[in-house]
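For what it's worth, UniProt numbering labels the leading residue of the sequence shown as 1, then goes sequentially. The beta-carbon is built from N, C-alpha and C at its ideal position, and this holds for glycine as well. Since the structure comes first, as structure tokens, the remarks are kept for the end.
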Amino acid sequence: MNPAERAGTNTLGQATSPYLRQHAGNPVHWQQWSPQALADAAARDVPVLLSIGYAACHWCHVMAHESFDDDEVAAVMNAGFVCIKVDREERPDIDSVYMNATVALTGQGGWPMTCFLTPDGRPFFCGTYYPKEAFLQLLSAITETWAQRRAEVEEASDHIAGELRSMASGLPGGGPQIAPELCDDAVVAVLRDQDTVHGGFGTAPKFPPSALLEGLLRNYERTGSAEVLLAVSRAGAAMARGGIYDQLAGGFARYSVDNAWVVPHFEKMLYDNALLLRCYAHWARRTGDQLARRIAAQTARFLLDDLADGDMFTSSLDADADGREGSTYVWTPAQLTEVLGFDDGRWAATVFGVSRVGTFEHGASVLQLPSDPEDPDDPQRLERIRAALLDARLARAQPGRDDKVVTSWNGLTITALAEASVALDDPGLAHAAQRCATALLNLHVVDGRLRRASLGGSVGDSAAILEDYAMLATGLLALYQLSADDAWLTAATGLLDTAVQHFSDPQRPGRWFDTADDAEQLVLRPADPLDGATPSGASSIAEALLTAAHLVDGDRAERYLQTVGQTLDAHAVLLARAARSAGHWLAVAEAAVRGPLQIAVACAGEVSPLLTDARRLAPGGAIVVGGAVNSSPLLAGRDRVAGADAAYVCRGRLCDLPVTSADQLAAALGIPG
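Structure, rendered in structure tokens:
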């Protein structure tokens with residue numbers, strides 16, 4: 001198809017991204033990102049209009065309805081631009097490059113992202129959402145500037161591209177060493193930003209600080225700080241009782257628009273819920289907190305009921321249903337009464353904070369649960385009412401689901417389900433994690449390399465990025481520790497060896513790129529070490545390598561340990577200067593300063609009460625294996641004692657004498673009796 005033919009068509013119908021397919025019916029002649037699409041812009045001598053979003057994005061839908069579905073706007077776009085649509089979840093590398101440009105030029109970012117590029121991909125103007133009339137004015141101004149002031153466009157795009165490359169040049173060297181003191185100082189800095197009234201950190205909009213909470217929990221494991229545990233429990237309880245949590249079906253929305261976690265932005269993301277499941281399961285396992293345990297169980301159920309597609313997990317649920325944000329989830333007092341009757345309706349309004357004024361739009365309220373109600377005459381009243389309201393809610397218009405399967409987010413889910421299976425004593429969660437891992441490896445590994453995403457059993461063309469390799473490897477290592485099946489370890493180390501080969505920076509040991517050395521070359525090769533809504537690829541690979549180093553032996557173990565040390569040293573400055581954006585780095589650093597802690601249980605068979613106790617008692621970031629003597633490097637030369645199963649606790653390469661009871665093991669781990 002020549003450029004003129006492509007210019008008259010919309011080619012998104014065959015995309016493997018549901019977000020792109022949502023735009024297949026637009027009168028805009030959208031193209032997918034490709035070298036050919038850029039070449040078409042060069043051939044036509046027009047700029048590229050790049051629009052980046054994702055399926056669950058509310059304002060993406062708004063701009064699509066106002067502008068991309070509009071014939072007048074589409075005609076202007078088609079005449080003056082090569083129009084390219086990108087799903088940020090399928091191509092996070094492209095999103096990262098142009099989000100950095102958008103933030104640099106405007107001081108803020110968001111989706112939909114709207115960027116204007118030269119045909120070789122250099123940005124010269126960036127923004128986010130534009131209403132129709134403002135967008136038409138912008139298109140006219142860009143067209144005029146391109147035609148009449150090309151030299152200025154070239155100069156601006158050169159300058160912006162140069163600045164982006166400079167920004168991506170890396171972290172400063174000579175930072176602090178990873179040590180307990182650095183972790184403790186980072187925690188102090190984080191706690192200074194704590195919202196002691198509403199829980200969490202910073203101000204609205206508030207995103208669930210999942211990686212940060214996991215890092216704080218690991219610090220609490222080491223220090224026993226009551227202040228740290230209070231920060232975790234305050235944030236965890238506030239989110240669990242607020243509107244950001246679905247009080248009927250479980251699962252967390254992406255963020256809260258207010259300080260108090262009352263009104264969410266209603267989209268539900270797989271990655272948020274996987275990360276939060278891991279955090280709540282850890283909190284429940286360490287403290288026995290019943291709220292944490294309930295939220296972990298309900299969140300796991302939400303993943304299995306609402307986001308599973310076969311054995312793997314889909315990406316998200318929309319914020320909208322029938323074009324109205326949140327309409328599936330909100331209630332008025334009259335609606336409660338209609339479903340429940342007068343007495344139960346009035347009781348439910350009190351319990352869930354539903355008032356005539358409302359907390360959302362048009363007098364409706366998002367359900368909250370400020371406290372667990374007690375009804376001595378009907379102890380099951382809350383659950384009965386939850387079930388009735390959920391049944392009624394299912395009769396409403398439901399949000400759309402993005403059925404794309406993303407490798408890294410499924411890796412997070414595997415890890416969370418595996419760890420939650422221990423915390424909740426639910427083997428079914430581990431089995432779900434195993435099925436997911438098997439399906440991912442069968443579909444997403446093509447010719448020895450990972451792919452980023454699939455849809456409906458068809459894997460996409462987009463290459464996996466660093467986080468995909470790291471997060472899937474971490475999940476596989478979690479499964480290996482639960483099952484002692486060498487196949488999981490072999491698959492994990494294969495992914496890690498590939499990641500080291502293709503993503504590490506050979507010029508700067510310990511630094512990592514987010515794209516492979518043989519991936520498509522963009523304006524710059526992205527390398528963002530900061531933890532955001534998900535952990536960074538660099539902190540995730542550090543976690544996977546640290547764990548794997550103690551599950552393998554020989555030269556491979558030494559190479560992994562050396563790489564982990566270099567990676568942590570290269571990024572320690574983040575803990576010193578940007579602790580709020582280094583939550584997962586804190587979690588990995590806490591594991592590293594403890595050795596990490598390893599528990600090897602020599603046992604006669606697969607069923608060992610002492611091994612079960614070891615998994616239950618192990619602090620976050622610990623490595624736990626069980627089996628016969630010499631069945632793994634951690635069990636080399638370590639056998640049962642006097643016919644009894646025995647646990648060996650090691651910190652780094654220093655090991656205690658074996659213990660044979662749960663009480664002795666708890667004492668060896670420093671856990672109060």
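Alpha helix (DSSP H) segments (min. 4 residues) lying fully within the region 128-170: 132-148, 150-167
Please classify Trp331: does DSSP put it in a helix, a strand, or coil? For the purposes of this step, residue 331 is taken as the residue at position 331 of the sequence shown. The answer is strand: DSSP assigns Trp331 an E or B state.
Let me check understanding here. Comparing Cα to Cα, which of Thr474, Gly475, Ala464, Gly532 lies closest to Ala516? Locating residue 516 in the sequence shown gives position 516, counting from the first residue. When only C-alpha atoms are compared, the closest one is Ala464.
How would you write the range of the alpha helix (DSSP H) that Ser233 sits in, first residue to last? Position 233 of the sequence shown, counted from the first residue, corresponds to residue 233. Where Ser233 is concerned, the enclosing alpha helix (DSSP H) stretches over 226-241.
Would Arg615 and Val624 qualify as a contact pair, given that the criterion is a beta-carbon distance under 8 angstroms? The residue you call residue 615 lines up with position 615 of the sequence shown. The residue you call residue 624 lines up with position 624 of the sequence shown. Contact: yes.
Would the beta-carbon of Leu568 fall within 8 angstroms of that of Arg651? To locate residue 568, count along the sequence shown from 1; it is residue 568. To locate residue 651, count along the sequence shown from 1; it is residue 651. No, these two residues do not count as a Cβ contact at 8 angstroms.
Measuring alpha carbon to alpha carbon, tell me which residue in Glu267, Val564, Arg451, Pro633 is nearest Ala484. Within the sequence shown, numbered from 1, the residue matching residue 484 stands at position 484. Minimum Cα distance to Ala484 is reached at Pro633.
Would Val28 and Met77 qualify as a contact pair, given that the criterion is a beta-carbon distance under 8 angstroms? Translated into the one-based positions of the sequence shown, residue 28 becomes position 28. Translated into the one-based positions of the sequence shown, residue 77 becomes position 77. Yes, they are a contact pair.
Take Gln368 as the anchor and find which of Phe125, Val263, Glu267, Arg285 has the nearest alpha-carbon. Translated into positions along the sequence shown, residue 368 becomes position 368. Closest option to Gln368, Cα to Cα, is Val263.
Three or more C-beta pairs below 8 angstroms linking the region 90-106 and the region 65-72: no
Spatial neighbours of Leu171 within its chain, please: CB distance less than 6 angstroms, with the 5 preceding and 5 following residues excluded, ordered by chain position. Indexing the sequence shown from 1 puts residue 171 at position 171. Cβ within range, chain order: Val573.
Classification of Thr588 by the beta-carbon crowding that lies within 10 angstroms, buried from 16 upward: Position 588 of the sequence shown holds residue 588. Note on residue identity: the sequence assigns Val, not Thr, to residue 588. Flag for Val588 reads buried.
Return the first residue and the last residue of the beta strand (DSSP E) that Ile52 is part of. Position 52 of the sequence shown, counting from 1, holds the residue named residue 52. 48-53 is the extent of the beta strand (DSSP E) around Ile52.
At which residue ranges does the region 410-460 contain complete alpha helix (DSSP H) runs of 4 or more residues, listed in the order of the chain? 427-444
By a C-beta neighbour count over all protein chains shown, 10 Å radius and 16 as the cutoff for buried, is Leu657 buried or exposed? One-based indexing of the sequence shown puts residue 657 at position 657. Leu657 is exposed by the Cβ-count criterion.
For Ala313, which residues of its own chain have a beta-carbon under 6 angstroms away from its beta-carbon, when the five flanking residues on both sides are left out? For the purposes of this step, residue 313 is identified with residue 313 of the sequence shown, where counting begins at 1. The sequence as given places Phe at residue 313; Ala does not occur at that position. Leu270, Leu307, Asn410, Thr413.
Bridge partners - Gly626, DSSP secondary structure assignment: Here residue 626 is taken as the residue at index 626 of the sequence shown, counted from 1. Gly626 is bridged to Val601.
Taking its Cβ as the centre, do 16 or more other Cβ atoms sit within 10 Å of residue 713, making it buried, or is it exposed? The first residue shown for the chain is 1 and the last is 673, placing residue 713 beyond what the model contains.
What residue from Arg594, Ala231, Ala667, Val649 has the CA that sits closest to Arg222's CA? Your numbering for residue 222 matches position 222 in the sequence shown. Out of Arg594, Ala231, Ala667, Val649, Arg594 has the C-alpha closest to the C-alpha of Arg222.
Work out the CA separation of Ala423 and Leu213 for me, nearest whole Å. Position 213 of the sequence shown, counted from the first residue, corresponds to residue 213. Position 423 of the sequence shown, counted from the first residue, corresponds to residue 423. Rounded to whole angstroms, Leu213 to Ala423 spans 17 angstroms at the Cα level.
Looking at Leu105 and Phe81, is the spacing between their C-beta atoms short of 8 angstroms? The count along the sequence shown starts at 1 and reaches residue 81 at position 81. The count along the sequence shown starts at 1 and reaches residue 105 at position 105. No, the pair does not count as a contact, with Cβ atoms beyond the cut-off.
State whether the region 472-480 contacts the region 429-446, with contact taken as three or more CB pairs (one from each stretch) at a distance under 8 angstroms. yes
Please name the residue, chosen from Asp120, Phe124, Glu325, that lies closest to Val103 on a Cα-to-Cα basis. Taking the first residue of the sequence shown as 1, we reach residue 103 at position 103. When only C-alpha atoms are compared, the closest one is Phe124.
Based on the DSSP output, what are the partners of Pro264 in its beta bridges? Counting from 1 along the sequence shown, the entry for residue 264 is found at position 264. Ser256.
Residue burial classification, Asp613 (beta-carbon count within 10 angstroms, cutoff 16): For the purposes of this step, residue 613 is identified with residue 613 of the sequence shown, where counting begins at 1. Asp613 is buried by the Cβ-count criterion.
What does the alpha-carbon distance come out to for the pair Gly53 and Asp645? Residue 53 sits at position 53 when you count from the first residue of the sequence shown. Residue 645 sits at position 645 when you count from the first residue of the sequence shown. Whole-angstrom Cα-Cα distance: 54 angstroms.
Own chain residues within Cβ distance below 6 angstroms of residue 740, not counting five before or after: As displayed, the chain neither begins before 1 nor continues past 673, which places residue 740 out of reach and without an answer.
Report the rounded CA-to-CA distance for Ala75 versus Thr9, giving the unit in angstroms. Counting from 1 along the sequence shown, the entry for residue 75 is found at position 75. Counting from 1 along the sequence shown, the entry for residue 9 is found at position 9. Looking at the two C-alpha atoms, the distance is approximately 12 angstroms.
Does the contact criterion of 3 or more C-beta pairs under 8 angstroms hold for the region 288-303 versus the region 354-366? no
DSSP has Trp512 in a bridge; who is on the other side? Numbered from its first residue, the sequence shown carries residue 512 at position 512. DSSP output for Trp512 lists Ser504 as bridge partner(s).
Roughly how many angstroms separate the alpha carbons of Glu419 and Trp30, rounded to a whole number? The count along the sequence shown starts at 1 and reaches residue 419 at position 419. The count along the sequence shown starts at 1 and reaches residue 30 at position 30. Roughly 43 angstroms between the two C-alpha positions.
Just to confirm the assignment, what range does the beta strand (DSSP E) spanning Val649 have? Taking the sequence shown and counting its residues from 1, one reaches residue 649 at position 649. Counting along the chain, the beta strand (DSSP E) containing Val649 begins and ends at 646-651.
Measure the C-alpha to C-alpha separation of Pro18 and Ala42 and round it to an integer number of angstroms. One-based indexing of the sequence shown puts residue 18 at position 18. One-based indexing of the sequence shown puts residue 42 at position 42. Straight-line Cα distance between these residues: approximately 28 angstroms.
So Leu546 packs on Ala618, CB below 8 angstroms; how close in whole Å? On the sequence shown, position 546 is the one that residue 546 refers to. On the sequence shown, position 618 is the one that residue 618 refers to. Contact flag wrong, Cβ pair sits at about 15 angstroms.
Could you give the DSSP three-state label for Asp320: helix, strand or coil? Locating residue 320 in the sequence shown gives position 320, counting from the first residue. Asp320: strand per DSSP, three-state reduction.
Helix or strand or just coil, what does DSSP make of Val405? If you number the sequence shown from 1, residue 405 lands on position 405. Of the three classes helix, strand and coil, the one that applies to Val405 here is strand, per DSSP.
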